[in-house]
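Scroll down for the structure; my scribbles are underneath it.
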Amino acid sequence: MKIARSSALTLAVAYISLGLAALALFAAPLWYAWRVTIQDGRSEILQSDALRLTEVFRREGAPGLVSYINARVGMQIAGERLLLLADEALAPLAGNLAAWPPSVPPNPGTYTVKLELGGHMSDVALVHAALPGGYHLLVGRDTARYAPLEQRFWYALAGAVAILSVLGAFGGILIRRALLARIDGIRRTVSAIIQGDLSHRLPTHDSGDELNTLSRTINGMLEQIEQLIHGVRNVSNSIAHDLRTPLAELRSRLEELALTKPTTEQTFAEIDAAVADVDGVIRIFNALLRLAEIDSGTRRSGFVPVDLSAVAAAAVEFYQPAAELRGSSLMLATSGPAPIRGDPVLLAQALGNLIDNALKYTPEDGAIVVEVRTGAYDSSVEIIVADSGPGIPAEHRPKAVERFYRGDVSRGTPGVGLGLSLVDAVARLHGSELRLEDNHPGLRARIVLTQDRPQITRIARATSEQGGFQHEPVYP
Amino acid sequence: MKVLLVEDNERVTQFVVKGLQEAGHTADHAPNGRDGMFLAASEPYDVIIMDRMLPGEIDGLAIIEALRKSGKRTPILILSALSEVDERIRGLRAGGDDYLTKPFAFGELLARIDALTRRAQGENAQTRLEVADLRVDLLSRKVTRGSRSVTLQPREFKLLEYLMRHADQVVTRTMLLENVWDYHFDPQTNVVDVHISKLRQKIDADFERPLLRTVRNAGYTLTSHD
Numbered sequence: 000m001k002i003a004r005s006s007a008l009t010l011a012v013a014y015i016s017l018g019l020a021a022l023a024l025f026a027a028p029l030w031y032a033w034r035v036t037i038q039d040g041r042s043e044i045l046q047s048d049a050l051r052l053t054e055v056f057r058r059e060g061a062p063g064l065v066s067y068i069n070a071r072v073g074m075q076i077a078g079e080r081l082l083l084l085a086d087e088a089l090a091p092l093a094g095n096l097a098a099w100p101p102s103v104p105p106n107p108g109t110y111t112v113k114l115e116l117g118g119h120m121s122d123v124a125l126v127h128a129a130l131p132g133g134y135h136l137l138v139g140r141d142t143a144r145y146a147p148l149e150q151r152f153w154y155a156l157a158g159a160v161a162i163l164s165v166l167g168a169f170g171g172i173l174i175r176r177a178l179l180a181r182i183d184g185i186r187r188t189v190s191a192i193i194q195g196d197l198s199h200r201l202p203t204h205d206s207g208d209e210l211n212t213l214s215r216t217i218n219g220m221l222e223q224i225e226q227l228i229h230g231v232r233n234v235s236n237s238i239a240h241d242l243r244t245p246l247a248e249l250r251s252r253l254e255e256l257a258l259t260k261p262t263t264e265q266t267f268a269e270i271d272a273a274v275a276d277v278d279g280v281i282r283i284f285n286a287l288l289r290l291a292e293i294d295s296g297t298r299r300s301g302f303v304p305v306d307l308s309a310v311a312a313a314a315v316e317f318y319q320p321a322a323e324l325r326g327s328s329l330m331l332a333t334s335g336p337a338p339i340r341g342d343p344v345l346l347a348q349a350l351g352n353l354i355d356n357a358l359k360y361t362p363e364d365g366a367i368v369v370e371v372r373t374g375a376y377d378s379s380v381e382i383i384v385a386d387s388g389p390g391i392p393a394e395h396r397p398k399a400v401e402r403f404y405r406g407d408v409s410r411g412t413p414g415v416g417l418g419l420s421l422v423d424a425v426a427r428l429h430g431s432e433l434r435l436e437d438n439h440p441g442l443r444a445r446i447v448l449t450q451d452r453p454q455i456t457r458i459a460r461a462t463s464e465q466g467g468f469q470h471e472p473v474y475p
Numbered sequence: 000m001k002v003l004l005v006e007d008n009e010r011v012t013q014f015v016v017k018g019l020q021e022a023g024h025t026a027d028h029a030p031n032g033r034d035g036m037f038l039a040a041s042e043p044y045d046v047i048i049m050d051r052m053l054p055g056e057i058d059g060l061a062i063i064e065a066l067r068k069s070g071k072r073t074p075i076l077i078l079s080a081l082s083e084v085d086e087r088i089r090g091l092r093a094g095g096d097d098y099l100t101k102p103f104a105f106g107e108l109l110a111r112i113d114a115l116t117r118r119a120q121g122e123n124a125q126t127r128l129e130v131a132d133l134r135v136d137l138l139s140r141k142v143t144r145g146s147r148s149v150t151l152q153p154r155e156f157k158l159l160e161y162l163m164r165h166a167d168q169v170v171t172r173t174m175l176l177e178n179v180w181d182y183h184f185d186p187q188t189n190v191v192d193v194h195i196s197k198l199r200q201k202i203d204a205d206f207e208r209p210l211l212r213t214v215r216n217a218g219y220t221l222t223s224h225d
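Residue numbers (numbering that gives the first Met the number 0), protein chains in the order written: chain R, 0 to 475; chain H, 0 to 225.
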């Protein structure tokens, strides 16, 4: 909580300072430009004013200027323009200043001085011009006129700073609240998961923002972890459950052997049987480990281009003699090569298990058909192994792919009940699943492999349906 | 045949060494990676049986890699409890010639080291194989028993070829699955037995002396000896 708060606070403070810095960067040149322009403009006006008065002095002499100034002072709005004509001794001759201001130096130039005007001090810009004959001329202006403008500028700036700070702080709090609420949701979910309940998922919604994307990714990860853990739990349960029986048998066999001490010949026969028992246990172990290995998904790294038709043909050829021996027919139906990316060893094993299963449950003179179909418009490949055996009742089908499931009809047939779950695991590794359907009569095991960028295949299919001509799916 | 066994488990060692001696081989034993490395590098062996996880710093794969780097071509069979396909691949990539997972049947181990040494002697150049009066011409793919010609399916031919190449040796079902069908899994039904009996029908049926024999608890052998 502490870290979250400080990070939200830091965020708000950073926002505000950033805004202020931007404002300062914007206002400083403006302020500078304004000052310079006003000052320059002011002294220019004063200078041209002084020039005009000098002109009057040249034309009409001191008395002329005195009357000119007097006339102007008479017309002037009070305080707007300061005028003063003084003689050599700086004694005033005409103008609206009572005396020569002591703060103005006696040499000509432009100055800004403080003067008492109308009872209060104010900043005055002055141009001091020397006239022929030792006369001095002062032309000035009270800058107080601009003070309100300047003030307004500062007020506006202060207002902007205030608004920015408030907005920044408010925004920071809002962001903090929203962020914290979501992060807290994530934190709570994660703690629940740490407690051991893997079924929790992070809340997500439809928007595609980063936090939501992250939540979805984490959910995907949780899904995978849950499945793996579930798998491990399943495997250990299955091992505990299903290895107990053969191990118990083995134990009693050996114990009996030690107790009864039969003839040498019988002893060896018993030992052979015990070895066969152990082999059975090892077989279950291997099958379980294989399943776990497939489930972990690490085998996907070994994917290569595979022709499923060729794999099916090899499998059918391999099982053909066994089918003949049983008096069943085993047939292959393919429509040319069916290329996919996959693990050839596992695909062969999955197909083998399906055929094996079909052979086991099909009565004599039954028929088994292995079919490999390629999608007409996309790259999907379908594997079907259909038999004419008793099938699996619809309500038992979901259970059939579970580990160690053995249907009622399978009692008395060899096998450990891992065949179909292995097929399902292989199908899932290849991004599909094993579907069990009714073959009227019999079982129809189907795996549809749709690999290779499903969106593009969908587009290709849509255009071919609309346009009436066929598109090969194009891959970048 | 001189065999080196690098294995830390005493029970397994005792079992394998005794078995090898009974089969007429001499067996040396190294209980750890260092000794194994030393023996393998200094003594001439016909085949090395290598455990993967060994006490000490050097594991089995490291020894194999070092041996292969130094140019030793001795056939190596890896014996390991690591059974995953990826582990097998790692073992074979490191320079192992065959991979057998624990627990194993001794017959399987013996059959495999026999096959390895036979392979090392380089019989691949042969174009004709012969066991007693059974002849296989690998070029014309003709098979004759005595004066009679035998017609085989392509896969049956491959099966017979493998058996002929390993004549007088025991060949296990797993070896046949791996080498004839390239199947690296254990089919639950006895399909291999069915294939063998079909082949037997074709080459042995009408002859007094059967050549293709079943070895109990192990596999098959094609032999003219009794």
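For glycine and all other residues, C-beta sits at the position ideal for the given N, C-alpha and C.
Item                                                                                                                                                                                        : Value
List, in chain order, every chain H residue whose beta-carbon is nearer than 9 Å to that of A347 of chain R.                                                                                : W180, D181, Y182, H183, F184
Can you list the residues of chain R that H194 of chain H reaches, using a CB-CB cut of under 7 Å?                                                                                          : P320
Please look up how many angstroms separate the CB atoms of L52 of chain R and L136 of chain R, rounded, as I've assumed it's under 8 Å.                                                     : 6 Å
So the candidates are R:L419, R:D386, R:R200; which of them puts its Cα closest to the Cα of D437 of chain R?                                                                               : R:D386
Closer than 6 Å by C-beta to S214 of chain R: which residues in its own chain qualify, once you throw out the five before and the five after it? Chain order, please.                       : L201, T203
Going by DSSP, name the residue or residues bridged to A477 of chain R.                                                                                                                     : Since the first residue of chain R shown is 0 and the last is 475, residue 477 of chain R is not available in this structure.
Is T412 of chain R buried or exposed, if buried means 16 or more other CB atoms sit within 10 Å of its CB?                                                                                  : For T412 of chain R, the predicted model reports a pLDDT of 45, less than 50, meaning its position is unreliable; a value from the coordinates is still stated below. It is exposed - the Cβ of T412 of chain R has fewer than 16 other Cβ atoms within 10 Å.
With A170 of chain H and A110 of chain H assumed to form a contact (beta carbons below 8 Å), what rounded beta-carbon distance in angstroms separates them?                                 : The displayed chain sequence assigns Val, not Ala, to residue 170 of chain H. With a Cβ gap of about 6 Å, V170 of chain H and A110 of chain H count as contacting.
Given that a residue counts as buried once 16 or more other Cβ atoms are within 10 Å of its Cβ, and exposed if not, what is P320 of chain R?                                                : buried
Our contact map puts V135 of chain H next to L159 of chain H with C-beta atoms below 8 Å; I'd like the distance itself, whole angstroms only.                                               : 6 Å
With 8 Å set as the bound, which would you pick, yes or no: does the beta-carbon of E160 of chain H sit closer than that to a beta-carbon of chain R?                                       : no
Identify the contact partners of P102 of chain H in chain R, using a Cβ-Cβ distance below 7 Å as the criterion.                                                                             : I281
Name, going along the chain, the residues of the segment 249-282 of chain R whose beta-carbon falls closer than 9 Å to a beta-carbon of chain H.                                            : D271, V274, A275, V277, D278, I281, R282
Just to confirm the assignment, what range does the alpha helix (DSSP H) spanning G207 of chain R have?                                                                                     : G207 of chain R -> no alpha helix (DSSP H), and no H or E assigned at all.
To which residues of the same chain is L290 of chain R closer than 6 Å at the C-beta, ignoring the five residues directly before and after it?                                              : L421, A424
Does DSSP put I391 of chain R in a helix, a strand or coil?                                                                                                                                 : coil
So what does DSSP say about L125 of chain R, is it helix, strand or coil?                                                                                                                   : strand
For the segment 344-358 of chain R against the segment 374-381 of chain R, are there 3 or more C-beta pairs whose distance is under 8 Å?                                                    : no
Between G218 of chain H and chain R, is there a C-beta pair that is closer than 8 Å?                                                                                                        : no
Cutting at 6 Å between CB atoms, please list the residues of its own chain near D45 of chain H, excluding the five before and the five after it.                                            : M0, K1, T116
Could you have a look at S66 of chain R and say whether DSSP puts it in helix, strand or coil?                                                                                              : helix
Taking the CB atoms as reference points, tell me whether Y145 of chain R and I37 of chain R lie closer together than 8 Å.                                                                   : yes
Against chain H, with Cβ distances strictly below 8 Å, would L535 of chain R count as a contact?                                                                                            : Outside the modelled stretch of chain R, which goes from 0 to 475, sits residue 535 of chain R, for which no answer is possible.
Which residues, taken in chain order from the segment 145-169 of chain H, show a beta carbon closer than 7 Å to some beta carbon of chain R?                                                : R154
Can you find a CB in chain H that lies within less than 8 Å of the CB of G418 of chain R?                                                                                                   : yes
Between L221 of chain H and I202 of chain H, what straight-line distance do the alpha-carbon atoms span, to the nearest angstrom?                                                           : 11 Å
Under DSSP, the alpha helix (DSSP H) around K17 of chain H begins and ends at which residues?                                                                                               : 9-21
With three or more C-beta pairs closer than 8 Å as the rule, is the segment 108-116 of chain R touching the segment 124-144 of chain R?                                                     : yes
State yes or no: is the C-beta of E6 of chain H within less than 8 Å of the C-beta of T12 of chain H?                                                                                       : yes
Keeping to the same chain, check which residues put their C-beta closer than 7 Å to that of T36 of chain H; ignore five residues upstream and five downstream.                              : It is Met, not Thr, that sits at residue 36 of chain H in the sequence shown. Answer for M36 of chain H: I57, I62, A65, listed in chain order.
Can you give me the Cβ contacts of R127 of chain H inside the same chain, cut-off strictly under 8 Å, excluding the 5 residues immediately before and after it?                             : R134, V135, D136, L137
Using a 10 Å radius around the Cβ and a threshold of 16 neighbouring Cβ atoms, would you call V368 of chain R buried or exposed?                                                            : buried
Counting only C-beta atoms, is A93 of chain H closer than 8 Å to chain R at any point?                                                                                                      : no
Say whether the segment 302-320 of chain R touches the segment 274-290 of chain R, bearing in mind that this needs 3 or more beta-carbon pairs closer than 8 Å, one atom from each stretch. : no
Got a sec: is the Cβ-Cβ distance from N285 of chain R to anything in chain H below 8 Å?                                                                                                     : yes
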